[in-house]
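**Student:** Got a structure here, written out as structure tokens. Questions coming.
There are 2 protein chains.
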Amino acid sequence: MNPKFFSLSEEKREAILNAGFHVFSQNSYKKSPMSEIADAAGISKALLFHYFHNKKELYLFLWDTCCKAMVEEMTRSGAYEQTDLFGSMDYGMKAKLRLMRQYPDIGIFAVRAFYEKDPEVSADIQNSMGQYLNAHAAKKLQKLDPEDFIPGIDLSLMYKEMYWASEGCLWEYIQRGYINVDAMEKDFRKLLEFWKSVYLRKNRETADERDAI
Amino acid sequence: MNPKFFSLSEEKREAILNAGFHVFSQNSYKKSPMSEIADAAGISKALLFHYFHNKKELYLFLWDTCCKAMVEEMTRSGAYEQTDLFGSMDYGMKAKLRLMRQYPDIGIFAVRAFYEKDPEVSADIQNSMGQYLNAHAAKKLQKLDPEDFIPGIDLSLMYKEMYWASEGCLWEYIQRGYINVDAMEKDFRKLLEFWKSVYLRKNRETADERDAI
DNA sequence: GATGAAATTGACCGATGCGGTTAACAGAGG
DNA sequence: CCTCTGTTAACCGCATCGGTCAATTTCATC
Numbered sequence: 003m004n005p006k007f008f009s010l011s012e013e014k015r016e017a018i019l020n021a022g023f024h025v026f027s028q029n030s031y032k033k034s035p036m037s038e039i040a041d042a043a044g045i046s047k048a049l050l051f052h053y054f055h056n057k058k059e060l061y062l063f064l065w066d067t068c069c070k071a072m073v074e075e076m077t078r079s080g081a082y083e084q085t086d087l088f089g090s091m092d093y094g095m096k097a098k099l100r101l102m103r104q105y106p107d108i109g110i111f112a113v114r115a116f117y118e119k120d121p122e123v124s125a126d127i128q129n130s131m132g133q134y135l136n137a138h139a140a141k142k143l144q145k146l147d148p149e150d151f152i153p154g155i156d157l158s159l160m161y162k163e164m165y166w167a168s169e170g171c172l173w174e175y176i177q178r179g180y181i182n183v184d185a186m187e188k189d190f191r192k193l194l195e196f197w198k199s200v201y202l203r204k205n206r207e208t209a210d211e212r213d214a215i
Numbered sequence: 003m004n005p006k007f008f009s010l011s012e013e014k015r016e017a018i019l020n021a022g023f024h025v026f027s028q029n030s031y032k033k034s035p036m037s038e039i040a041d042a043a044g045i046s047k048a049l050l051f052h053y054f055h056n057k058k059e060l061y062l063f064l065w066d067t068c069c070k071a072m073v074e075e076m077t078r079s080g081a082y083e084q085t086d087l088f089g090s091m092d093y094g095m096k097a098k099l100r101l102m103r104q105y106p107d108i109g110i111f112a113v114r115a116f117y118e119k120d121p122e123v124s125a126d127i128q129n130s131m132g133q134y135l136n137a138h139a140a141k142k143l144q145k146l147d148p149e150d151f152i153p154g155i156d157l158s159l160m161y162k163e164m165y166w167a168s169e170g171c172l173w174e175y176i177q178r179g180y181i182n183v184d185a186m187e188k189d190f191r192k193l194l195e196f197w198k199s200v201y202l203r204k205n206r207e208t209a210d211e212r213d214a215i
């Protein structure tokens, strides 16, 4: 790719990235034309080909940008250092929302790219995955203290359920084509409070006392 | 559309429907070629145009089939007559799974068609929506007895949370391109049991006794 | 205002794919 | 043999694709 791309103004550079994320997220790789991306970015197709020598290069650059941004934003948020489960979820949510404000379609793009089957790019995508897979979720789960939660609850299922609910909520917004990040944040906040009120063992002392009897 | 389509063998007819659901669910209307649908159905493009005079007709027929099948399957399942919340969810789930076994991509197709923006079909889609919108969810929510659930829980949020979790779970399967309905059923069952164990007020008597003290 | 380099584009190329048509083929029944 | 029905390969005209390039615009420097 042309290094001049990096000396573009941030506004223009992100316009191009977002145009790419958007177009590639709506249709498969093969059916996402460069001309459409150029139009969405407000530049000519020829200029887009000036920055990226061909379609595949742009696509893989977007994928790389996407992975790096996600990892960076998550580690920078401090979510991984939180010891409290819901605290780390809160931080992680904030990080993801911050990212979606900058790149509204980055989430959908990531999923579509991950499952893209076109042989022209699928191999490169899968190869680059190794370095980005994180085991944070599993580790987080191991560290949970069952005493903090209502008795008898299946913690791994609880974790998965919360993950699915977040995805489902996100999906509802995604489907509309544009994303209202503020409304989404409200919904996520409500979900977090709901989970805390339901899953957490509230009266730790009284529970201990009853067990002692 | 050509009435001869209905006198086709069920196997062939459903192969065509499923091919249509699949192709139209993966890309936008404009970028879903008839040739691809014909190939997926195992027939020639010319024959597909013999049954459906043009692309739009096939698309709207698929949409109509999709809406009718969903409504019919849900009412036939008896889910709406169940008084118990989790019972009706169980029945509804079974109905949807049955439908997805017959038409694996009908769910994704429905969502994509609902939000399709191409002016060639979007108007017709939206016009036909009025008759299919059901108010069952809202009614179901009104009938819930707070005494059945753990104290202080926000029932409408609980309902929404469960809905989102189901969607999120479904989404995970959808993204893979093909759908393993059996594995999905297992996951849904586990979710249902989890919700029951968490949301339901288990020891109705003991709880009342404690309150009385 | 002249100049040269860099940014940007309209127009173009060959190849491919699109929706839709048509003429021909295959086979079963009479 | 003919006819009717199901089925398809081949075709048509047009749009779109990835990618190129010569020409134009922009702009800092003199």
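So the protein lines, in turn, are chains V and G. Position one of the first sequence corresponds to residue 3 (our numbering), numbered consecutively onward. Position one of the second sequence corresponds to residue 3 (our numbering), numbered consecutively onward. Glycine residues also receive a C-beta, built at the ideal position from the N, C-alpha and C atoms.
#1: Measuring straight from C-alpha to C-alpha, what distance separates residue 132 of chain G and residue 17 of chain G?
#2: Going along the chain, which residues of its own chain have a beta-carbon closer than 7 angstroms to the beta-carbon of residue 60 of chain G, five neighbours each way excluded?
#3: Okay, do the segment 156–167 of chain G and the segment 99–110 of chain G touch, 3+ Cβ pairs below 8 angstroms being the bar?
#4: Compile a chain-ordered list of the residues in the segment 112–125 of chain V whose CB is closer than 9 angstroms to at least one CB of chain G.
#5: From what residue to what residue does the alpha helix (DSSP H) around residue 126 of chain G run?
#6: Consider the Cβ of residue 163 of chain G: report whether some Cβ of chain V lies at a distance smaller than 8 angstroms.
#7: At a cut of 8 angstroms, does the segment 169–185 of chain G reach the segment 111–120 of chain V through at least three beta carbon pairs?
#8: Would you call residue 148 of chain V buried or exposed, if buried means 16 or more other Cβ atoms sit within 10 Å of its Cβ?
#9: Whose CA, out of V:155, V:168, V:182, lies closest to the CA of residue 197 of chain G?
#10: Which residue wins for smallest C-alpha separation from residue 126 of chain V, given the options V:72, V:105, V:40, V:58?
#11: Identify, in the order they occur along the chain, each residue of the same chain with its Cβ nearer than 8 angstroms to the Cβ of residue 108 of chain G, setting aside the five sequence neighbours on each side.
#12: Check whether the Cβ atoms of residue 200 of chain V and residue 200 of chain G sit closer than 8 angstroms, and answer yes or no.
#13: Helix, strand or coil: how does DSSP classify residue 146 of chain V here?
#14: Specify the secondary structure class of residue 54 of chain V as computed by DSSP and reduced to three states.
#15: Name the one or two DSSP bridge partners that residue 151 of chain G has.
#16: Among V:143, V:94, V:3, which one has its Cα closest to the Cα of residue 64 of chain V?
#17: Smallest Cα separation from residue 77 of chain V: which of V:185, V:188, V:138?
#18: Would the beta-carbon of residue 170 of chain G fall within 8 angstroms of that of residue 170 of chain V?
**Tutor:** So, to answer that:
#1: 29 angstroms
#2: 22, 54
#3: no
#4: 113, 114, 116, 117, 119
#5: 124–129
#6: yes
#7: yes
#8: exposed
#9: V:155
#10: V:58
#11: 23, 68, 71, 72, 101, 102
#12: yes
#13: coil
#14: coil
#15: G:202
#16: V:3
#17: V:138
#18: yes
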